[in-house]
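Reviewing the structure listed below.
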Amino acid sequence: MTASAGSYNFREIEAKWQAYWLADKTFRTPNPGEPGFDAARPKFYVLDMFPYPSGVGLHVGHPLGYIATDIYARYKRMRGFNVLHPMGYDAFGLPAEQYAVEHGVPPRETTRRNIDNMRAQMQRLGLGYDWDREIATTDAGYYRWTQWIFLQLYNSWYDPAADAARPISELVHKLEQEHLVVNFDGEPVAVSSPGLQEWYGLPPGTQRWSELTVEQRRAVLDGQRLAYLDEVPVNWCPALGTVLANEEVTNEGRSERGNHPVFRRPMRQWMLRITRYADRLERDLDLVDWPEPIKLMQRNWIGRSEGAEVDFAVADRDEVIRVYTTRPDTLFGATYMVLAPEHDLVEALTSDAQRQTVRKYVEIARNRSDLERTVETKEKTGVFTGAYAINPVNGERIPIWVADYVLMGYGTGAIMAVPAHDTRDFEFATRFHLPIVQVVQPPAGQDWRGYTGEGVAVNSGEFNGLTTPEFKKRIIAWLEEQGLGTGRVNYKLRDWLFSRQRYWGEPFPIVHDAATGEVFPLHEDELPVLLPQIEDFRPRASDDPDALPEPPLGRAEQWVKVRGYVDETGSVRTLLPDEVPPPGETRSSAGGQGGRVVREFRRELNTMPQWAGSCWYYLRFIDPHDDNALVDTALEHYWMVSLKADGTPHAGGVDLYVGGAEHAVLHLLYARFWHKVLFDLGCVSTPEPFGRLFNQGYIQAHAYQDARGIYVDVRDVQEVQKGAATVYVRKSTGEPLTRGLGKMGKSLKNAISPDEICRDYGTDTLRAYEMYMGPLEASKPWSTRDIIGMSRFLNAVWRRFVAEDGALKVTDDPPSEEVRRLLHKTIRRVTHDLEGLRFNTAIAALIELTNALRADRMAREVADAFLRLLSPIAPHLAEELWQRLLGPAWRRSIALESWPEYDEALALDPEVEIPVQINGKVRSRVRLPAGDAGDQDKLRSAALADAKIIEELDGMSVKKVICVPGRMVNVVASV
RNA sequence: GCCGAAGUGGCGGAAUCGGCAGACGCGCGGGUUUCAAAAACCCGUCCACGCAAGUGGGUGAGGGUUCGAGUCCCUCCUUCGGCACCA
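For the first sequence, our numbering assigns the number 1464 to the initial residue and increments by one for each residue that follows.
This is the structure we're talking about:
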């Protein structure tokens, strides 16, 4: 297609203005203190979820959110805000690496190329970012600070007394001062009266810090650090050669990326103690303006539940099994217990008679993947241990079973089974013929068997007759009195598995003592730890589930070896080959005092996961080139802190964050976690990173399948009219195809490139079309056929301004009253619609105005305001017409001009038409002056005086007249 | 199974608060212009009956609240998204 006689030359105009914006730095946003900064303007931070520069190229679905934020940022700038609107690249991680593997080029190289390509694509879309703030998570100047944040996590603990993260040195101090002692589990616990322990003694089972060995101290601290190494069951994906986070594994037990099988294996990995923040992450959702469904998804993921821990004594043995239950009110109905196969007590409790059976069962259960466990949920399995427990409320002996429907990772890994009122226990008890005792009376008409709702207690001794919530309170109090249990809150959230056996990620700022294996953080002056260049960066993939991970960084032999010493903060500083350490002390918090000794270390070989870099990028945009801090405190405060209308601080910094809902529980949860840690440590000013979140919908597209169900490329599909019906056939062969609707992308072979659309119709047309398709939050189908409508609209705008000979059609005469009224109505509509991100209706309003201007020579007053309204949506066209409109007086981009104001008085119709209904059906209309339409009495008399209404009401009696000022009249009448 | 979102013409969608259902665009039908075509412009376009004025019906299905329901409440159906043995 070529530009036809009826179209303006969008190609020339768009290229001209894109070049101008770059050269002029039109969208550069000065920080406070920089030249051009205007302190009188309020700030507004608009952020996109930055892309992975994956290299397969964008399709028209990708820029949907970017176009929306671009329009909004331009609008806010014109409204007088200092707008921060940056863009960058989340360039570490699997997609970039896999692309590099497929094309046999180092990831560093492909990433650079992909970024260049993506930047060019975004610039062709006319997106007005401040390119001076561009960042990539793969730049050493960026990941230096990702590593720095990791050091803060490593060197911090969560202080329950402060309900916040604190430097680990404070924990050491508290232990040294004996405000805290260490309990049997290695947990620091508070001492009620420090200093008086000489008289009262330590709490039972606790030890003083001074009594611990260096190894024990180290274990205590490692047990509190927010970043720690642990041997945990992880999701091991041999095909990818790496472990994955729970969030990266599908519920079929396969990798989110690549759909490879995933196995659970215990491995020593880096973990982040996000569980300590479960409560705050859940609670602070109340502070943010996010879509409710997204908040709910986070709440479900965190999975807070309230209940109790109860101790069951094992019959004839000196053992106790602790269980967690959300229904302590059903204790009297507990007729057996179940331990998870991995539970510590399984081996000890099993009777000799049952030993073979139990061992076999545990062995099988351990090797079952998540996939197998899920598929086999239909039939519950389990074996009896031969041991019995005592139900603490009624003294009954109940059998202890082992079954894999109980998970080790949740609660205590053991449950009391109440088959009468729990679906799973009911299934299990039915299968294995275990007793089922009713303890809850459901509402009338419902069967008690398997009833899990609330009701009234029965068969529960002295508690009979209590309602479920009341019973819960009473029984928890009773258990606490008896020392048998406590009320307890539990979360489904697990600690975050933070290491990957990949090349293309941030190296950890961690070294291991080459002789002892002891772990040390590097001193922050040692950052960045540069990712070494290696020949073979491929992960070791395997089909064998028992294969062991082999981090590619292990191949960088020179890089791995570090010579250095431990300094007085416990951090490692490196030395050059012949360098000697400066004089001073070595002193780690766990002990080990002494002079500085040169040691050999080996670097940590794992790298950080994809999510690390995206956890804090919104902070770096504020101050992207700072070498002294991850973000300057004053600048962070300026861009992140905003006040509500009543003057109180808003919860979070970014004023508008737009992205897809697919990040509801991954990126958005991780980023909130890191932000809260940084908040606790005084690095940021707000409790939440993103004050307002908006989820854009997907662009869907028709996808076509042949008879075998194979997808056929959309470009090979032809639409054929067969009588009344439309059928779809393959162009090349003519075979019939079936049509479906799905997310646009490579797999459905239905992707459409924005470059193609820009070439044929222009960037402004593409922008306007994507915004016009429907509400931003909705998913809606792409239709190339419909684009012509936006193309016609923008051409019509051009023709309103420019005559065939190129002369401007604008006059200095004032517009007619009607046109001026319509203009002010349009300004009002567009302003409100853009403010509410309702771009589709804003464009409709502009089309209506354009259509109404048809016969007029355009008045300058109208032209001026119209171009300002149009400019965020179709910036190239608006810039060009703006420059022509101002002529020699033109000085700068329309993006820097102000937003037009509307005048309510000028927008007001002098006369309005009011529908008059009889019994809810419109029977007539009356015209009356605008002032009278707001007056109930005048409305009423006008309606009742209308000839048509009088005629219709003949023979009826009027019961009531309802007058809605300015809207309508309804006469209620009967025969 | 549980949780969430959404169902409006041939299609995408519009309808701040419960107040004229279908704005705006696509498509389609008719016309102007043209040697012709494209583009552009004008008229029409929810369905049924009617030449028309008009009358009746209509927002996934059924019920309810109300002077009045696309909008609120209850039950059900369909589609999409999330979670999935979390005790």
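From the three backbone atoms N, C-alpha and C, an ideal C-beta is built for every residue, glycine too.
On a predicted model such as this, the values are computed, not experimentally measured, just so you know.
- Task: Apply the 10 Å Cβ neighbour rule to Glu-1772 and answer buried if 16 or more other Cβ atoms are within range, or exposed otherwise.
- Result: buried
- Message: If contacts are defined as beta-carbon pairs under 8 Å, then Leu-2439 and Gly-1948 qualify, I think. What distance do you get, rounded to the angstrom?
- Response: Nothing can be reported for residue 2439, as the shown portion of the chain is limited to 1464 through 2438.
- Message: For Glu-2376 and Gly-2397, I'd like the C-alpha separation in whole angstroms.
- Response: 12 Å
- Cβ-based neighbour list, Leu-2300, same chain, cut-off 7 Å, excluding 5 preceding and 5 following: Ala-1531, Tyr-1535, Phe-2157, Leu-2239
- Task: Jot down the residue ranges of each uninterrupted beta strand (DSSP E) in the segment 1506-1564, minimum 3 residues, whole runs only, in chain order.
- Result: 1506-1511, 1545-1547
- Per DSSP, Ile-1973 forms a beta bridge with which residues? Pro-1984
- Message: Taking contact to mean 3 or more Cβ pairs, one atom from each stretch, closer than 8 Å, check whether the segment 2303-2317 and the segment 2346-2363 are in contact.
- Response: no
- Message: Quick check: Val-2442 and Asp-2417, are their CB atoms within less than 7 Å of each other?
- Response: Because the chain here runs from 1464 to 2438, residue 2442 falls outside it and cannot be looked at.
- Query: Taking C-alpha atoms, which residue in Val-2025, Asn-1545, Met-2071, Arg-1571 lies nearest to Asp-1501?
  - Reply: Asn-1545
- What is the DSSP secondary structure of Phe-2153, reduced to helix, strand or coil? strand
- Task: Tell me whether Leu-1744 is buried or exposed, calling it buried when 16 or more other Cβ atoms sit within 10 Å of its Cβ.
- Result: buried
- Where Gly-1668 falls, given that 16 or more other Cβ within 10 Å makes a residue buried: exposed
- Exposed unless 16 or more other CB atoms sit within 10 angstroms - verdict on Pro-2152: buried
- Task: Answer yes if the segment 1680-1697 comes into contact with the segment 1608-1623, meaning at least three C-beta pairs across the two stretches below 8 Å, and no otherwise.
- Result: yes
- Task: Rounded to whole angstroms, what's the CA-CA distance from Thr-1609 to Ile-2085? Just pull it up for me.
- Result: 15 Å
- May I have the straight-line CA-CA distance separating Pro-2428 from Glu-2298, to the nearest angstrom? 27 Å
- Span separating the alpha-carbon of Thr-1893 from that of Arg-1790: 20 Å
- Have a look at the DSSP bridge pairing and note the partners of Cys-1700. Thr-1705
- Task: Count the C-beta pairs between the segment 1575-1585 and the segment 1732-1747 that are closer than 8 Å, then say yes if the count reaches three, no if not.
- Result: no
- Cys-2221 by DSSP, collapsed to three states: which one? helix
- Task: Look at the alpha carbon of Arg-2354 and the alpha carbon of Phe-2329, and state the distance between them as a whole number of angstroms.
- Result: 19 Å
- Query: Do Asp-2143 and Ala-1628 come within 7 Å of each other at the CB atom, strictly closer than that value?
  - Reply: yes
- Item | Those runs of the alpha helix (DSSP H) which lie wholly inside the segment 2070-2141 and span at least 4 residues | 2074-2077, 2080-2083, 2096-2103
- Message: What does the alpha-carbon distance come out to for the pair Leu-1929 and Glu-1944?
- Response: 19 Å
- Chain-order list of residues whose beta-carbon lies under 8 Å from that of Leu-2391 (same chain, five-residue window excluded): Glu-2374, Val-2375, Ile-2377, Lys-2401, Leu-2402, Ala-2405
- Tyr-2440 by DSSP, collapsed to three states: which one? Any question about residue 2440 goes unanswered here, given that the chain covers just 1464 to 2438.
- Asp-1910, buried or exposed, once every other Cβ within 10 Å from all chains shown has been counted against 16: exposed
- Message: The alpha helix (DSSP H) that contains Arg-1681, what's its start and end?
- Response: 1677-1685
- In angstroms, rounded to a whole number, what distance separates the CA positions of Val-2434 and Met-2419? 11 Å
- Item | As assigned by DSSP and simplified to three states, the class of Ala-1940 | helix
- Evaluate Trp-1480 with the Cβ neighbour count: other Cβ atoms within 10 Å of its Cβ, from every protein chain shown; 16 or more gives buried, anything less gives exposed. buried
- Item | Proximal residues to Val-1982 (C-beta, below 7 Å), its chain only, five neighbours per side dropped | Leu-1692, Ile-1973, His-1975
- Message: Suppose the cutoff is 6 Å on Cβ atoms and the five residues either side in sequence are ignored; what does the same chain contact list for Val-1683 look like?
- Response: Val-1645, Gly-1649
- Message: Ignoring anything shorter than 4 residues, give me the alpha helix (DSSP H) runs that lie fully in the segment 1590-1636, in order along the chain.
- Response: 1603-1617
- Item | Identity of the residues DSSP links to Cys-2146 by a beta bridge | DSSP, once it has assigned bridges, lists no residue as partnering Cys-2146.
- Message: Taking 8 Å as the cut-off, does the segment 1746-1755 touch the segment 1717-1729 (at least 3 CB pairs, one atom from each stretch)?
- Response: no
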